[in-house]
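So the protein sequences, as listed, match chains V and C. Our numbering puts the first residue of the first sequence at 888, with every later residue one more than the last. Our numbering puts the first residue of the second sequence at 70, with every later residue one more than the last. Beta carbons are placed, not taken as given, at the ideal position from N, Cα and C, and that holds for glycine. Owing to the predicted nature of the structure, the values given are computational and were not obtained by experimental measurement.
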Amino acid sequence: MNKSLIYAIKSLWLNKWSTFMAILSIAVCFFIVTLLSIGLYNLHLFSKKLSNKTALLIYLKEGLLTKDIAQFTESLQKNDIFSKIKLISKEDALKEMKDIIEPSLIELIGFNPLPDTIEAYIKEKNLNNLEEIIKELKNHPYVEDVYYPSNIVHAVKTLKITLWNLGIIILTLLGVSISFIIYATVKNHYWKKGEEIEILKLLGATPSYIRYPFLTEGGLLGLTGSLIATLSIFFLYFIIHSKNITSYLPAITHVIIPIEVFYLLPSTGLLLGVISDLIALGRIRYQ
Amino acid sequence: MITFLNVYKYYDSIPVLQNVSFKIEKEELIFVTGPSGAGKTTLLKLIFGSEKPDEGEIEVEDFKLSKIRQSEIPHLRRKVTFVFQDFKLRQDLTVYENIALPLLVMGQKEKDIKQKVYDTLKKVNLRQKADILVRTLSGGEQQKVTIARAIITNPRVILADEPTGNLDPDSSKDVMNLFKNINLSGCTVVIATHNPELFNNTNYRVLHLKEGKVI
């Protein structure tokens, strides 16, 4: 293994320009891949948060007894569909409204126009049956109307799915590009050493003896490229959390960079390098 | 040691070897001769596992070459080594490094390698040229390096294809003496040549090939 490593490093150094270009290209690809993945991950989190934080507003009919309202609220709480139920009485709603609108304007109306309302938060697993839930609630004799900001949630979901699909296509293309760069670099080095390899075969070298230095070479290319990308992401993380940036773009501090990136990225680089290498070398045949 | 039984070999349906049968005994030195295109090189390639026979059976040591798998070939080549007419040396390496290659391939330790390489260099009278780049040597010296590389693993069989083809008479004589000494140390040697001077007036067996047939 040590010999393979020394041999691989020597070979990469001998072909330093192609090695440098390959590592640079791999690093750029991995950097884009990681940024894209972080973007998609954050979009996923945002969409999830939005769905979880958006409540159904159930407006109750006028003239219901307090006992009926309490009973209805309790039945909703017992229901497995909802994660949280909050009753807002018409008096509380009026108080809240007075915080937003000038109280004198409300007093002009002469009565409390707001209905008793129940805020119902739906469990994530039931979000797909939203329309059915709303329909069922609307049919309840105590319910006047049900409101849910479905347009916003739907728009975010559509955006998420579109970007997610687009992201996966780009990620796949970049993954293939990285593999191809490693494949082409190693294949090129392999061809350059054609005579040397032929001599080794004539001297009884086993396929693994011939392969190891090249596998190490591919692994090193992938690992170095991905390590540069990892360091760049690390650097980026500190930049976006620096005061200069956050004062201009406060939203950027909400971007979450999962810690897993810092070990998944180099591992992926190493793995892609070795796999691309195996493909590049193919089966070693003796003649 | 080496057995050929009704062996046929074709290249693009043209027969190169036809119904070839012979046996080479252990520790024998044998010449394979014949005009160009008689099938001498093909015969050596068959013994070395570079080619497979189209018909017939070949047995070298414990290897049945008609059915040999690719994975077995490296092991065959540690027992059967080849001395090429065009040397097949790494021109970017020194004499020492070239001779050490088969031992490195076999995974031997650096310390053992050093001892064996110097012992072998002594046998071929190249001890003082160990650290010289191979490309700076003469043809005769390069052929000696090839022979040293072939014998360092103590093979059972050494195959040599026109080993004196590119050499002057003095170097040819040196090389042939080396083969004789190697044979005396217990190694089977098969030399393909079209030069009758190498085997005339010797007691060694000669296998004559003509148009792919043993005559």
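Residues that residue i bridges to, as DSSP identifies them
i: L296(C); result: No answer is possible for residue 296(C): the residues shown for chain C start at 70 and end at 284.
i: R274(C); result: I99(C)
i: E231(C); result: Bridge partners of E231(C): none, in fact.
i: F998(V); result: Partner(s): none; F998(V) has no beta bridge.
i: K92(C); result: T72(C)
i: I972(V); result: A1007(V)
i: E126(C); result: L74(C)
i: F933(V); result: Answer is none; F933(V) lacks a bridge partner.
i: T163(C); result: L202(C)
i: V174(C); result: Bridge partners of V174(C): none, in fact.
i: A1175(V); result: The structure shown does not extend to residue 1175(V), since chain V is modelled only from 888 through 1174, so no value can be given for it.
i: V283(C); result: L278(C)
i: F132(C); result: V129(C)
i: L947(V); result: V1030(V)
Residue i versus residue j: straight-line alpha-carbon distance, rounded
i: Y187(C); j: R138(C); result: 35 Å
i: L992(V); j: S976(V); result: 20 Å
i: L1102(V); j: L1165(V); result: 7 Å
i: L190(C); j: I221(C); result: 9 Å
i: Q212(C); j: P238(C); result: 13 Å
i: G1106(V); j: E210(C); result: 40 Å
i: A261(C); j: L276(C); result: 9 Å
i: K940(V); j: I988(V); result: 24 Å
i: S207(C); j: F153(C); result: 15 Å
i: K890(V); j: N246(C); result: 37 Å
i: L253(C); j: E96(C); result: 8 Å
i: I99(C); j: Y273(C); result: 6 Å
i: V1040(V); j: L937(V); result: 7 Å
i: G1054(V); j: K1047(V); result: 10 Å
i: D181(C); j: G1062(V); result: 46 Å
i: A942(V); j: E994(V); result: 29 Å
i: L112(C); j: T921(V); result: 58 Å
i: T110(C); j: I896(V); result: 38 Å
i: F73(C); j: P224(C); result: 20 Å
i: N902(V); j: S105(C); result: 42 Å
Endpoints, the alpha helix (DSSP H) within which residue i is located
i: T1117(V); result: 1094–1127
i: D979(V); result: 977–987
i: T257(C); result: First-last for T257(C): 257–262, but that is the beta strand (DSSP E), not the alpha helix (DSSP H).
i: A895(V); result: 889–901
i: G208(C); result: 208–220
i: Y187(C); result: 179–192
i: D243(C); result: 238–253
i: E1019(V); result: 1017–1025
Pair within 8 Å by beta-carbon distance, residue i and residue j
i: G1160(V); j: L1108(V); result: yes
i: A107(C); j: L278(C); result: yes
i: K1088(V); j: Y1173(V); result: yes
i: D1003(V); j: L947(V); result: yes
i: T1155(V); j: I910(V); result: no
i: Y1035(V); j: L951(V); result: no
i: V214(C); j: V203(C); result: yes
i: L1017(V); j: N999(V); result: no
i: Y894(V); j: P1094(V); result: no
i: E141(C); j: M70(C); result: no
i: I216(C); j: V244(C); result: yes
i: I1162(V); j: I1097(V); result: no
i: I1005(V); j: T953(V); result: no
i: D123(C); j: Y77(C); result: yes
i: L974(V); j: I956(V); result: yes
i: L899(V); j: E1104(V); result: yes
i: I1021(V); j: N1013(V); result: no
i: I1086(V); j: K157(C); result: yes
Where the beta strand (DSSP E) through residue i begins and ends
i: Y1034(V); result: 1030–1034
i: F151(C); result: 149–152
i: A1007(V); result: 1004–1009
i: A1167(V); result: That residue, A1167(V), is in no beta strand (DSSP E); its alpha helix (DSSP H) goes 1148–1168.
i: A1071(V); result: It is not in any beta strand (DSSP E) - A1071(V) instead sits in the alpha helix (DSSP H) that spans 1037–1079.
i: L963(V); result: First-last for L963(V): 953–965, but that is the alpha helix (DSSP H), not the beta strand (DSSP E).
i: A107(C); result: Run containing A107(C): none; DSSP gives neither H nor E here.
### Contacting positions in the region 90–123 of chain C - beta carbon closer than 9 Å to chain A
No chain A is part of this structure, whose protein chains are labelled V and C.
### Task
Could you tell me whether the region 919–938 of chain V touches the region 1025–1034 of chain V, using the rule of 3 or more Cβ pairs below 8 Å?
No contact exists between the region 919–938 of chain V and the region 1025–1034 of chain V.
### Message
I want to know whether the region 1057–1072 of chain V touches the region 145–160 of chain C - three or more CB-CB distances under 8 Å.
### Response
Segments in contact, no.
#### Entry: the region 190–202 of chain C contacting the region 109–124 of chain C, beta-carbon criterion three pairs below 8 Å
With a cut-off of 8 Å, the region 109–124 of chain C and the region 190–202 of chain C do not count as touching, because too few Cβ pairs lie within range.
### Three-pair Cβ contact test at 8 Å for the region 918–926 of chain V versus the region 1140–1153 of chain V
Contact holds between the region 918–926 of chain V and the region 1140–1153 of chain V, because three or more Cβ pairs, one in each stretch, are under 8 Å apart.
### Task
Count the CB pairs spanning the region 1108–1124 of chain V and the region 902–920 of chain V that are closer than 8 Å, and state whether there are at least three.
Yes: at least three Cβ pairs fall under 8 Å.
### Query
Would you call the region 964–981 of chain V and the region 1041–1059 of chain V touching, i.e. three or more CB-CB distances under 8 Å?
Contact between the region 964–981 of chain V and the region 1041–1059 of chain V is absent, because fewer than three Cβ pairs lie under 8 Å.
### Query
Is there contact here, the region 89–97 of chain C with the region 1121–1133 of chain V, by at least three beta-carbon pairs under 8 Å?
Touching, no, given that fewer than three Cβ pairs across the two stretches are closer than 8 Å.
### Query
Just checking, does the region 223–232 of chain C make contact with the region 255–275 of chain C on the three C-beta pairs under 8 Å criterion?
Judged by Cβ distances under 8 Å, the region 223–232 of chain C makes contact with the region 255–275 of chain C, as three or more pairs qualify.
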